[in-house]
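Residue numbers (our numbering): 45 to 1098.
Glycine is no exception: its CB is placed at the ideal position from the N, C-alpha and C atoms.
These numbers come from a predicted model, not from an experiment.
Report on one structure; see the data block that follows.
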Amino acid sequence: MAEPGLAVRRKSRPGSERKRSRAPVQPRAASSPVTPKRTSSGGGEPPPAEPPCCNDSEEDMFGDYDSFCGNDSLLAQVDDIEHKYLQDINMDTKAAGEVTLENLQSGIHQKNQDNFSASENVAVLKADREAACQVHDRDPVDGNPEPAESILDDLPSSQLLYFQKMNEIPSAFRTSPDSERRNECVNSSLDKIRSRSSFSADAEQRNRPTDFPLNPKCVLLKTASLKDHLKSAMTGNAKVQTLQVSKTKQLKEAVLSEEIFVARKAIESSSVDIGPFYGLPSKVKDLFRQLRGIETLYEWQHDCLMLESLQQRKNLIYSLPTSGGKTLVAEIIILQELLCRQKDVLMILPYVAIVQEKIRGLSSFGIELGFLVEEYAGSKGRFPPIKRRIKKSLYIATIEKGHALVNSLIETERINDLGLVVVDELHMLGEGSRGAILEITLSKILYTSKNTQIIGMSATLNNVGDLQKFLQAEYYTNNFRPVELKEYVKIRDTIYAVDSKTENGFTFSRLLNFKYSSYLEKADPDHIIALVTEVIPNYSCLVFCPTKKNCENVALMVCKYLKKEFRAHRVKEKQDLIKDLKNIGNGHVCPVLKQTIPFGIAYHHSGLTNDERKSIEEAYSSGVLCLLTCTATLAAGVNLPARRVILRAPYVANDFLKKNQYKQMIGRAGRAGIDSAGESILIVQEKDKHLVHDLVNSPLENCYSNLLLEVTKGMQSLLLSLVGLKIAVTYEEVNNFMCGTLLGVQQQLLSKEKSLSEIIKDGLENLIEKGLLKGRISEKDHSFECTLTITPLGKATYKGSIDLAYCNLLYKELKKGLEGLILESNLHLLYLATPYDMTSSCSPDWMIYLRQFNQLSAAEQKVADIVGVPESFITKKASGQAIRKNVDSAVVNRLYLTFVLYTLLKETNIWSVSEKFNMSRGYVQNLLNSAASFASCLLHFCEELEEFWVYKALLTELTKQLTYCVKAELIPLMEVAGVLEARAKQLYNAGYKTLAHLANANPETLVKMIEHLSRRQAKQIVSSAKMLLSEKAEALQEEVEELLRVPTDVPGTQ
């Protein structure tokens, strides 16, 4: 065992400017990463730990040893050993005398000590050691022999392997007892080198035993100096890439494991000593510096992390303005939970794009620090998640998938494995059905697990008291913003500063200084060109528009009147962007973008495909594009800050702007580290002046529960899952649970007509009527006389996350499908997987409908008839004839969307399909994503009902096709977060055809081989691929261990 006082030291090289650091190596806990151990005779107190150097790029190929020349180098010592060793062999062979092992050891040991003391910075790397060779009591000379092995242990493996060759002489020549003991020690060291180098093919070759005897002349043939041999070997090794683990890396791993161990102990003992970086290894700080460019934390971030409530693991809500750095605090808390407390973490984010962005950002941390990052978005995610025995998991999920994940953990009694839940954009509790699902998720965690900590953050919270009561949380707020934000409104050609201190809320700032011709005044009455040209192209600008069409029109209008000098800014990069968009569209480029991009302008809204949006976002972030015209969705999506934010009008579509939306939009103004200030300008018409005055001076909207407003996705869904998960199975238990929800906190505000108990009774009765629950209701007082139980249909509904409004209809259609599912193509199955909630937004073009119908085969046309859309109906609609027979419009619209999906799976080209059906590319993309997600839900629904066993295999394959919608060979690459179709094609054509190829790729090589790929993106792709590969390997390993585990209840065993 290693002694507590053993210090890890490194030798400093003369002339080297690279600094090394020291760190203590303490005895390891069982949960710490295992490192090779050696014994040491040294004692004393260890020096204080300092953060280790992280610059691996400068690492010496030969570890921390000196150069080839110099009398005090280690090679000089090895030379002495060689001569003395050969001399010993000659003396043994001739029986001329004996040189005791102890004298040899003491001589070399003394020389080592002299050399070490001569060096100003003491530095021979001594890792923890195995038990040293023991010399028997009967040895002559000294009763306290020094361990001979310790000298050889300090040598690199190539030197010890050379000694092995010298050691392979016949036993007849090793007559001395001392030489026998010496050889035993050498062999012991060599055995250890073999074990460390077992992964090296070269080492395996040299470690094979030789079966033939050596001639005495062999010893004489070993006349080449060991020094020369090592020069040759080490020079050769330097020319090839080997799998040998560097000593620097070993030291870093030792320091990392030690700091995790210390931090974990500190947290377990509630110690005030929080370790080198908020209870985390110093490597975490280095990673934030390397990967994010973060050198220091803001003062508020430090204060928040040091809160007493966090140290006591209380729930916390914290609120700061946009761009204040909220996410960094959450990430540090997440790492504390994963590394120090060894618990899984769930992070809930509002949108799929943000989930994927976060997966890419945190995968590098997972690879370096030894935890898994798992994606739960769209159709991705395992239910229940794999139970890991070694590594802990960070689940990054959308609101819907986060709810399904929590349900699966409660069902398998693993909810206590979840140590922390982090919710970004907590204000979404008050936003429709998604808010209701988020409230349900958090309520279940609060009720079922007293050990799970909840952290919520938002930039737009008002009624914090209700949220604190709901989450049983402390509250922290700060007005900090890294870049000052100046708010303005523009009325006609005058700009006013927003000033809440004045009576009318505005103070005069300036007049616009831009000469407008009469023609330009008509084209641009809102003076957008004047406002944007004050900042572009040297700075960036966002223009928020009420509608998607308005975004495109504003982009075209601005570039139409810009001077030609704007085209000269970063010309090549703009050409590359257009080329990239052309590749994404398989030869198609949006004509609007083709016209605006040369001026550094583009639009950004949901009408673009995922690939197009990603390319435009990257071009904007890198400065190739300087102006984006966008809808309000950008404000809540990925982080794209700007020097100036312009609000084209105080409307989102036809609805007047809410204060929360306004704050999110203007929060994009000002880029930390780039701009000294950010500014927002809201363009106001005279008729809206009083409304805008109220908007900018009013408080943020309150956050209210949506469980009552969203009946099927809210209250009824919650009641069903409570019984299904056996969280609450009696009326009293359900009532007790409901008191802990946000609705329970706000019941007097929200349910004035009925009491909460009456609402619960009505909901349970409704579920029993639908056949989703079973229970007897008293006719006298309508109370429940027995324990509530869930029916198979009810269980399938909540496990499949099916909207209760459609569950009975879905069951009937699946049942009908069993009678005659047409499998000539996947059209019938696609109809069943087409989401119900998109039918209301669909308006079929009847000529296109008829044309697509006529292109179907006879069997496929029969599908339309089976689902209830006869050919005669489509024909009459297309020809404008009157329809006498009633046909369900929802079914008609759903089949039309099925035709879109069917064509898309055949052609795998969103551009051509959107043109065929006269739909926007973004709508087609959204339909595809929704269908993939619904197909995944449908699969879980069918898994719970034995009668639908036939659908399981069919839906598994269909879900995969809908998720990726590409040729089969690209699917493994598109599994990596952030790799979309266009990028997958580039990678595949460059030879990266599997996940393993990507995981083992060199980012620098990727940048050279793949067009329009930045170094940062390349590193993120490689990290994400490594994480996914690691996750899959871990899953297989867990499966193997589960299969090999001996059951504890084997009959006949005790």
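- DSSP places E531 in the uninterrupted beta strand (DSSP E) bounded by E528 to I535.
- Ranking S974, G768 and N962 by CA distance to the CA of T456 puts G768 first.
- The C-beta distance from D624 to S659 rounds to 5 angstroms, short enough to fall under 8 angstroms.
- E915 and P743 have their C-alpha atoms roughly 56 angstroms apart.
- Contact between R525 and P365 holds, since their C-beta atoms are separated by about 5 angstroms, short of 8 angstroms.
- The alpha helix (DSSP H) runs of length 4 or more contained entirely in the region 804-870 are, from start to end of the chain, 836-843 and 851-864.
- According to the DSSP assignment, E1085 belongs to no beta strand (DSSP E) but to the alpha helix (DSSP H) extending over R1059 to L1088.
- Collapsing the DSSP output to three states places I338 in coil.
- Per DSSP, S544 has no beta bridge partner at all.
- Within the same chain, Cβ atoms closer than 7 angstroms to the Cβ of C348 are found at Y362, V373 and Y520, the five residues on either side in sequence being excluded.
- Contact holds between the region 585-603 and the region 622-641, because three or more Cβ pairs, one in each stretch, are under 8 angstroms apart.
- If you compare the alpha carbons of I430, L379 and K370 with that of Q1081, the shortest gap goes to I430.
- Under the 8 angstroms Cβ criterion, the region 965-973 does not count as touching the region 891-905, having fewer than three qualifying pairs.
- If you draw a straight line from the Cα of T591 to the Cα of A697, it is about 5 angstroms long.
- Pairing F781 with R1089, the inter-Cα distance amounts to about 39 angstroms.
- Where V1023 is concerned, there is no enclosing beta strand (DSSP E), because DSSP gives it neither an H nor an E.
- Annotation for A441: the continuous beta strand (DSSP E) segment containing it runs S437 to A441.
- Under the Cβ criterion (8 angstroms, minimum of three pairs), the region 483-503 does not count as touching the region 418-434.
- By the beta-carbon neighbour count (other beta carbons within 10 angstroms, threshold 16), L945 is buried.
- For E609 and I846, the gap between their C-alpha atoms comes out near 55 angstroms.
- Non-local beta-carbon contacts of L808 in its own chain, meaning distances under 8 angstroms to residues more than five positions away in sequence, involve L763, Y775, V778, L817, G819, F828 and L832 in chain order.
- Assigned with DSSP and collapsed to three states, N630 falls in coil, not helix or strand.
- The C-beta distance from G644 to C670 rounds to 4 angstroms, short enough to meet the 8 angstroms contact threshold.
- Runs of the beta strand (DSSP E) lying entirely within the region 585-648, each at least 3 residues long, are 585-588 and 645-648 in chain order.
- Take the alpha-carbon of S869 and the one of Y647: they are about 38 angstroms apart.
- The beta strand (DSSP E) runs lying completely inside the region 449-515 and spanning 3 residues or more are 462-468 and 497-502, given in chain order.
- Here R536 is exposed. Its C-beta has fewer than 16 other C-beta atoms within 10 Å.
- Shown here for I866: same chain residues with a beta carbon closer than 8 angstroms to its own, the five before and five after excluded, namely H872, A903, E904, K906, V907 and I910 in chain order.
- Rounded to the nearest angstrom, the Cβ distance from N460 to N506 is 33 angstroms, too far for a contact under 8 angstroms.
- Residue nearest to V755 within the set A480, P1047 and R458 is A480 (criterion: CA-CA distance).
- Rounded to the nearest whole angstrom, the C-alpha separation of I1065 and G861 is 42 angstroms.
- Using a 10 angstroms sphere on the CB of R965, the tally of other CB atoms reaches 16 or more, which defines it as buried.
- The beta carbon of P1047 is closer than 6 angstroms to those of A1062, K1063 and V1066 in its chain, skipping five residues each way along the sequence.
- As computed with DSSP, M1053 is found in no beta bridge at all.
- Taking a 10 Å sphere around the C-beta of P694, we find 16 or more other C-beta atoms and assign the residue as buried.
- When the Cα atoms are used, L1014 and K920 turn out to be separated by approximately 42 angstroms.
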